[in-house]
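Read top to bottom, the protein sequences are chains A, B and C.
For the first sequence, our numbering begins at 15 and goes up steadily by one.
For the second sequence, our numbering begins at 44 and goes up steadily by one.
For the third sequence, our numbering begins at 2 and goes up steadily by one.
Below: the structure, in C-alpha cells.
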Amino acid sequence: MLIALLLAFGAALVAPWVTGRLGRSAGWLLALLPAGLTLYFLSLGPRVAAGEPLVQRVSWVPQLGVELAFRVDGLALLFGLLIAGIGTFVAVYAGGYLAGDRQLPRFYLLLFSFMAAMLGVVTSDDLILLFVFWELTSITSFFLIGFQHESEESRANALQGLFVTAGGGLAMLAGFVLLGSMAGTYRISELLASPAVLVEHPAYPLALALVALGAFTKSAQWPFHFWLPNAMAAPAPVSSYLHSATMVKAGVYLLARLAPALGGTPQWFWLLTLVGGATVLAATLLTLLQRDSKRLLAYSTIVALGTMVLLIGVGTPAAIKAMVVFLFAHALYKAPLFMAAGSVDHEAGSRDVTRLAGLGRSMPWTWLAAGLAGISAAGLPPMLGFIGKELAYEGLMGAPWLLAGLIAAGAVLLLVAVQVAWVPFAGRTVRAPKAPHEAPPSMLVGPLALAALGLTFGLVPGLVQDGLMRPAAAAVLGAPYAFDLYLWHGLTLALGLSLLTVSLGVALAATWRRWQPLLLARFGGVRVGPVAVYEGGWRWLLRFAALQTRFVQSDDLRHHLTIIVAFTVALTGGVALWRGGLESMVWAPSGAYLHEFLYFAVILLATATVVRSHSRLVVITSLGVVGFGVAFVFVLFAAPDLAITQFLVDTLVVIIAALVLIRLPSSALRGEGGRDIRWLSGAVAIAGGALITGLLLAVTGLPFDGALTRFFEANSYPAANGRNIVNVILVDFRAVDTLAEVVVLAVAAGGVGALLRRRLGRGDADAARREPDGGAQ
Amino acid sequence: MKSLILRTTTRPIIVVLLLISIFLLLRGHDLPGGGFIGGLVAAAAAALYAIAFGADAAARLLRVRPELLVGWGMAATVVAGLLGMLAGREFLTGLWWVIAVGDQELKLSTPLLFDVGVYLVVVGVILRFVLSLEER
Amino acid sequence: MEAYLAVVVGAVFAGGFYLVMQRNLLRFVFGLILLSSGVNLLVFTAGGISRGAPPIIPEGASVPVGEVANALPQALILTAIVIGFGLTVFAMVLLLRVYERLGTLRTDRLTAHLDDPQPVAGLPDDEAPA
Chain A
15 MLIALLLAFG
25 AALVAPWVTG
35 RLGRSAGWLL
45 ALLPAGLTLY
55 FLSLGPRVAA
65 GEPLVQRVSW
75 VPQLGVELAF
85 RVDGLALLFG
95 LLIAGIGTFV
105 AVYAGGYLAG
115 DRQLPRFYLL
125 LFSFMAAMLG
135 VVTSDDLILL
145 FVFWELTSIT
155 SFFLIGFQHE
165 SEESRANALQ
175 GLFVTAGGGL
185 AMLAGFVLLG
195 SMAGTYRISE
205 LLASPAVLVE
215 HPAYPLALAL
225 VALGAFTKSA
235 QWPFHFWLPN
245 AMAAPAPVSS
255 YLHSATMVKA
265 GVYLLARLAP
275 ALGGTPQWFW
285 LLTLVGGATV
295 LAATLLTLLQ
305 RDSKRLLAYS
315 TIVALGTMVL
325 LIGVGTPAAI
335 KAMVVFLFAH
345 ALYKAPLFMA
355 AGSVDHEAGS
365 RDVTRLAGLG
375 RSMPWTWLAA
385 GLAGISAAGL
395 PPMLGFIGKE
405 LAYEGLMGAP
415 WLLAGLIAAG
425 AVLLLVAVQV
435 AWVPFAGRTV
445 RAPKAPHEAP
455 PSMLVGPLAL
465 AALGLTFGLV
475 PGLVQDGLMR
485 PAAAAVLGAP
495 YAFDLYLWHG
505 LTLALGLSLL
515 TVSLGVALAA
525 TWRRWQPLLL
535 ARFGGVRVGP
545 VAVYEGGWRW
555 LLRFAALQTR
565 FVQSDDLRHH
575 LTIIVAFTVA
585 LTGGVALWRG
595 GLESMVWAPS
605 GAYLHEFLYF
615 AVILLATATV
625 VRSHSRLVVI
635 TSLGVVGFGV
645 AFVFVLFAAP
655 DLAITQFLVD
665 TLVVIIAALV
675 LIRLPSSALR
685 GEGGRDIRWL
695 SGAVAIAGGA
705 LITGLLLAVT
715 GLPFDGALTR
725 FFEANSYPAA
735 NGRNIVNVIL
745 VDFRAVDTLA
755 EVVVLAVAAG
765 GVGALLRRRL
775 GRGDADAARR
785 EPDGGAQ
Chain B
44 MKSLILRTTT
54 RPIIVVLLLI
64 SIFLLLRGHD
74 LPGGGFIGGL
84 VAAAAAALYA
94 IAFGADAAAR
104 LLRVRPELLV
114 GWGMAATVVA
124 GLLGMLAGRE
134 FLTGLWWVIA
144 VGDQELKLST
154 PLLFDVGVYL
164 VVVGVILRFV
174 LSLEER
Chain C
2 MEAYLAVVVG
12 AVFAGGFYLV
22 MQRNLLRFVF
32 GLILLSSGVN
42 LLVFTAGGIS
52 RGAPPIIPEG
62 ASVPVGEVAN
72 ALPQALILTA
82 IVIGFGLTVF
92 AMVLLLRVYE
102 RLGTLRTDRL
112 TAHLDDPQPV
122 AGLPDDEAPA
C-alpha cells in the first residue's frame, strides 16, 4: 500500500514532465498509473471479501506513537476502487478537456497529488496519518478550484472552499487527539475494537462533535454546503472527480469508518440525521433555483451526500446497505454527468440549460453517456441508481418524515437529470455560443465507460454484491452482513414510493420552464443563512486585520518598538507580579565605598546627558563616558579581561561613531516627535527601567548556585592547561559558542562592506535603472 | 587628518600597540588577554593609522584585504576544531604539545590556534568597519 | 552593593528604552548602545559580584586560591561586548546609508519616498531613489 501511494505521488511529480513532452496524448499515458492502481485494488478484492484486510505498518514518528499504518478493508477497497478507477477516466478526459492549455502540466501534478492523498485518506489506519492526507486533499482541492487563477472569482471560491474544509479539518484534528487520548491509541482498527471505552467516556460528545464538524465541512453538509457549488469554478474534470465522486465523500467515509466506534448512541443518531436531513432539504430547495448545469449537479451532489450522512446516522443494517450501494451508484453516475456537462460547455460554449437544446444531433455519443448516467441519477431501472434509491427508501421505512424528505429529494434529482441529460440534447437545435461538434475520444471514453458500468451493475448486481458491497457494509457495521441485491424487488412499498417519486419528478420537469423563472425572480438574489454568515464574517475578519495591521505594523519603526517594549515590560512585569517573581527582592543599600559612588554617579549623569542632549559631540562623548564607567565597574569587581575589552571597544565605538556622524548634518539629532510621544515613551521607559531594577534585585536576592563555576574552576588547569579561566571558557570549554560569535562578527563585517562599497551610491542607482524591480527601493 | 603631531607619533605608537597586541594574545590563556582583547588592540592601532594617514595608506600598509584576514581567522578556528577530531576526539577538543626551548617551555595547542583565529577575525572585522567608513 | 548596581542598571535601561522609542534613527542607535551596556552590567551583577581576586589560577596551583570572581558570566559578557560592538557598527552604517539614500533620519518619513517617483530634494541625482 505504501508503495502504491509512493507511486502515485511519484507520478504526480513526473506528470508535468511527461505532459510537457507528450502534450496532447499525455493523458492516455498518464492514465496507465491509476489504471494499474485500479487493478491492484481489484486484486486485493478476494482476500478483503474473505475478511482478511491488507495491513501494513511503517514507523514514522515513534516518539508520538504515529505510524504509517495502512489497512485496506471492504470500505477502503470500495473507495480505493472509485478513486483509482474514476481517476483513470478523469486523467484521460482532462487530456482532451484541457488540450492546448499551458497549465496542463500543473493540472496533472495537482490531479495526481490529489489522487494519492485521497487514497491515503481511505487506506490510513492511523488518525494522525488520515488527518495529514485529509488536509492534503483540501489543499490540492484549493489549487484545483482556483485553477483558472487569473480569475478573481475563481480565487475567491478556492479560498472559500479551503477555509471551510481546512477549518473543519482543524476541528477534526482536535477531535482525533481527544479520541486518541480517550482510547490510548491513534490506530483506527484498535479504536473500532473498543467502542465502549469511547462512547462511555465523558468527553465523547465533544469528540463526536469535533470529528463530525470535519466530516460535515468536507462533505458539504448544511450549514457548510455553500462552498461546493462555488467550487464549480474548477474545470469539469475536477468537478467530476473531486467535487462529486471522491473528495466530498471523504466526510461520508470518515463517518462510515468511525461508525462502529462512535455510532449507535442517541447523540450520533440525532446529530447525523438532523444535519443530513437539513442538508437534503436545503439542497433540494436550492436546486430549484439553478440553471447552470454544473451548479444543478453540485446541488444534487449535496442532496446525495446528505442522504448518505442520514443513512449512516440511522445506522441499521438496511440503512448501511443502502448507503454503500447508493454511494457506489452515485459515483458511477455523477462523474459521467459532470463530464458530459463539461463536454457540452467545451463544445457548445454554455452551461445554461435554458440556452441549450438539440445538441443530440451533433454530440450523439455524449448524449448516450449523459442519458445512461441520467437514468441512473433519476433512480430509474435498470440502472444501479435505481437499486440504490430503492434500498434507501427501505432503509428509512421506520422514519416517515425522513422518507418524505427523501421522496421530494428524489423528485428533484430526477428533475436535475432531465435538465442535464435530456434538455440540452433533445428537441430542435438552437443557436449555441459555439458551433457544436462531438467531443474527442478522450472526452467520451470516461463518461461512456462509467455510465456503462452503472448499467451493467444495475442489470447484474451480483457482479459487485459479494466482492464489494457486502465487505464495505460489513466494515461500516463492524460485523459481517449477508445480503443480496436485486433489480426487481417485487411489488413492495418501496416500489410504490419510487413510482410516486417519478411522477412528482416528471411533473416538476414538465412544468419547469413555467415556474422556474418565477422562483428565480423571487428568491434568486436573496442571500441568507450560512452564506451570509460566512460573507459577513469574512468582511469583519478583513476589517479587523486591517485595523490590527495599522496598529502593530505601521510604517513607523517607532510604533513597532514602542509596542514591543511596552508589551515586553507589561507582560514580564505582570507575570513577575502575578506569580510572585519579585518576592525574593532584597533592598540592602550598603557595602559600597565612597569612590564607587563616584563611578555610579558618572554613569547616571552620562546616561542622562545622552538622553537629553542635542549636540552630536556631547552625546558621543557621553556614550564614551558611560562605557568607561561600565569598564570601571568591571575593574572594581575583579574582571580584568572585561575591563580591557570594554575600554577598547568603547574607544572604537567612539571613533566609528565620530566617522559616521561627521557625514550627517549637525541637525541630525533633532526631531523626536511631539510632546505626547515623549510622555508615552518616557513612561514606558521608566517602567521598563524599574522592572529591570526589580528583577535584578529579585535575582540577586536568591541563593546563588555556583555548580557550573566550580566545575570550570576545578577543571580549567588540570583539563585545559589554562590559568585564565575566562579565556579557557572562551577558547576551550565553550569554544563552539565562540566560533558562532566569530561567524556573527564576520557577517557584520560583510554587511558593512557591502553597504559602504566604494562608489556604491552611483553604482546602485545605475543598477536600479537597469532593472526596475531590484536595486533601490 | 593631516595633523603633523598625530602623524609623527602614530608610527612608533602603532609598533608598540601591535607588539602589545601579540603579547596579550599569547599570554591570554594564563593571564588577562586573549584573541578578542589582542585583536581589539591591533585593530585600534590600525584605526589610528587609518585616521592619521587615510584609508588608502592603511590598506597599502596592510597589503591584504580585511576580508582575507577574516577568512584566515575563521579557517584557523575551524582547523583548530578539526584537529581535535583528527585525534579521534570531539570537535574543538583541545590538544597540547609542550616543546622545551632551552630552559623555557613553549606550549603549542589547538586552543591557541583557535585564539589566533579569533584575533584575526576581530582585526579583519574592525578594519573593514574603519576602512569602509574612512574611504568614503 | 547589588542594590546600587541594580539602580544603575535600571537607569541605563530606562535611558536605552527611551531612546529606541524616539522618532530619530540616530537616537535609536544610541539607545541600542546604552541597552547593550545595560545588558552586560545586568548579567554581570546577576552572576554574583565580588571584590576578590580575578578568576586566575596562580602559578604552582591547579585550582584558584581563595575566593575569586565568577568566571562564567565574565566569559559570556566578553563575547557579548564584542558582538554588541559589531551590531552597533552595523546599525550605524545602515543608518548612514539610509540618510544618504532617503535624506532623512525620521522613522515616520522613511517610507514616505518609497512610492515617490520624484528624486528627494537636496540629494544629488544619482543618489535619488529610483
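In this text, a Cβ means the ideal position worked out from N, Cα and C, and glycines have one as well.
The structure displayed is predicted, hence computed values, not measured ones.
With 9 Å as the threshold, decide whether the Cβ of ILE670 (chain A) is near any Cβ in chain F.
No chain F is present in this structure, whose protein chains are A, B and C.
Assuming the contact rule is C-beta atoms closer than 8 Å, MET132 (chain A) and THR260 (chain A) should be a hit. Round their C-beta distance to whole Å, please.
With a Cβ gap of about 5 Å, MET132 (chain A) and THR260 (chain A) count as contacting.
Just tell me which of C:LEU96, C:ALA4, C:GLU3, C:ALA12 has its CA closest to the CA of ALA699 (chain A).
Nearest to ALA699 (chain A) by C-alpha distance, out of C:LEU96, C:ALA4, C:GLU3, C:ALA12, is C:ALA12.
Taking the straight line between their C-alpha atoms, what separation do you get for ALA87 (chain B) and LEU60 (chain B)?
If you draw a straight line from the Cα of ALA87 (chain B) to the Cα of LEU60 (chain B), it comes to about 8 Å.
Any beta carbon of chain C sitting closer than 9 Å to that of PHE96 (chain B)?
It does not: the Cβ of PHE96 (chain B) has no partner Cβ on chain C nearer than 9 Å.
Using the three-state DSSP reduction, which class does ALA22 (chain A) fall into: helix, strand or coil?
Three-state DSSP puts ALA22 (chain A) in a helix.
Verify the CB distance criterion: does TRP139 (chain B) have a CB-CB separation below 9 Å to chain A?
Yes - at least one Cβ of chain A is within 9 Å of the one on TRP139 (chain B).
Among C:ARG24, C:VAL10, C:TYR5, C:PHE45, which residue has its Cα nearest to the Cα of SER695 (chain A)?
Ranking the options by Cα distance to SER695 (chain A), first place goes to C:ARG24.
Buried versus exposed, by CB contacts within 10 Å (16 or more), ARG527 (chain A)
It is exposed - the Cβ of ARG527 (chain A) has fewer than 16 other Cβ atoms within 10 Å.
Using the C-alpha atoms, what's the distance from ALA763 (chain A) back to ALA102 (chain B)?
In this structure, the alpha-carbon of ALA102 (chain B) lies about 16 Å from that of ALA763 (chain A).
By a C-beta neighbour count over all protein chains shown, 10 Å radius and 16 as the cutoff for buried, is TYR255 (chain A) buried or exposed?
Buried, by the Cβ-count rule.
Could one say the Cβ of THR46 (chain C) lies closer than 9 Å to chain B's Cβ atoms, at least one of them?
Output row for THR46 (chain C): interface = no.
To the nearest angstrom, report how far apart LEU138 (chain B) and GLY124 (chain B) are at their CA atoms.
Rounded to whole angstroms, the separation of the alpha carbons of GLY124 (chain B) and LEU138 (chain B) is 10 Å.
Which same chain residues, not among the five before or five after PHE172 (chain B), have their C-beta less than 6 Å away from its C-beta?
If the five residues before and after PHE172 (chain B) are omitted, its C-beta is found closer than 6 Å to no C-beta atom of its own chain.
What does the alpha-carbon distance come out to for the pair LEU420 (chain A) and LEU43 (chain A)?
The C-alpha of LEU420 (chain A) lies about 42 Å from the C-alpha of LEU43 (chain A).
Residue range of the alpha helix (DSSP H) that includes PHE84 (chain A):
Careful: PHE84 (chain A) lies outside any alpha helix (DSSP H), inside the beta strand (DSSP E) at 80-86.
Residues of chain A with a CB under 7 Å from the CB of ARG171 (chain B): which are they?
Those within 7 Å of ARG171 (chain B) in chain A are ALA763, VAL766, GLY767.
Run through the DSSP bridge pairs and tell me what SER152 (chain A) is partnered with.
As computed with DSSP, SER152 (chain A) is found in no beta bridge at all.
Answer with yes or no whether the minimum CB distance from ASP73 (chain B) to chain C is below 9 Å.
Interface residue, yes.
Can you name, in chain order, every residue of its own chain whose Cβ lies under 6 Å from the Cβ of GLY101 (chain A), other than the five neighbours on each side?
Contacts found: PRO48, MET129.
I want to verify the contact list: residues of chain C whose CB lies under 8 Å from the CB of VAL84 (chain B), in sequence order.
Within chain C, no residue comes near VAL84 (chain B); the closest Cβ sits about 13 Å away, beyond 8 Å.
Does any residue of chain A bring its CB to less than 9 Å from the CB of GLU3 (chain C)?
GLU3 (chain C) has a beta carbon lying within less than 9 Å of a beta carbon in chain A.
Selected residue, minimal CA-CA separation from GLY65 (chain A), among A:ASP570, A:ALA312, A:ALA488, A:VAL663:
Of A:ASP570, A:ALA312, A:ALA488, A:VAL663, the residue nearest in Cα terms is A:ALA488.
Beta-carbon contacts of THR154 (chain A) that lie in its chain and below 7 Å, excluding the five residues immediately before and after
Taken in chain order, the residues that qualify are LEU124, SER127, PHE128, ALA131.
Please decide whether GLY145 (chain B) counts as near chain A, where near means a Cβ-Cβ distance under 9 Å.
No, GLY145 (chain B) does not count as interfacial toward chain A.
Report the CB separation of LEU417 (chain A) from GLY393 (chain A) in whole angstroms; it is logged as a contact under 8 Å.
With a beta-carbon spacing of about 14 Å, LEU417 (chain A) and GLY393 (chain A) fall beyond the 8 Å limit used to define contacts.
Going by the CB atoms, is the gap between ILE706 (chain A) and GLY39 (chain C) shorter than 9 Å?
Yes.
Check whether the stretch 158-173 of chain A touches the stretch 276-294 of chain A, counting contact only when three or more Cβ pairs, one atom from each stretch, lie closer than 8 Å.
No, the stretch 158-173 of chain A does not touch the stretch 276-294 of chain A.
Check each residue of the stretch 49-64 of chain C: if its Cβ is closer than 9 Å to any Cβ of chain B, include it; give the result in chain order.
Flagged, chain order: PRO55, ILE57, ILE58, GLU60.
How do the stretch 430-448 of chain A and the stretch 371-381 of chain A stand: do at least 3 beta-carbon pairs fall below 8 Å, yes or no?
The stretch 430-448 of chain A, when compared against the stretch 371-381 of chain A, does touch it at the 8 Å Cβ threshold.
If you measure from the beta carbon of LEU95 (chain C) to each beta carbon in chain B, is any gap under 9 Å?
So, not an interface residue.
Name, please, each residue of chain C whose Cβ falls closer than 9 Å to the Cβ of SER680 (chain A).
Within 9 Å Cβ-Cβ: nothing; SER680 (chain A) doesn't reach chain C, min ~12 Å.
Could you spell out the range, first to last residue, of the alpha helix (DSSP H) harbouring VAL69 (chain A)?
Element bounds for VAL69 (chain A): not the alpha helix (DSSP H) but the beta strand (DSSP E), 68-75.
Sub-9 Å separation of ILE743 (chain A) and ALA76 (chain C) beta-carbons
Using a Cβ distance threshold of 9 Å, ILE743 (chain A) and ALA76 (chain C) count as a contacting pair.
Mark TYR19 (chain C) as exposed unless 16 or more other C-beta atoms lie within 10 angstroms of its C-beta, in which case mark it buried.
Classification for TYR19 (chain C): buried.
Using a Cβ-Cβ cutoff of less than 7 Å, which residues in the same chain neighbour PHE79 (chain B) once the five nearest sequence positions on both sides are dropped?
Closer than 7 Å at Cβ, skipping near neighbours: VAL161, VAL165.
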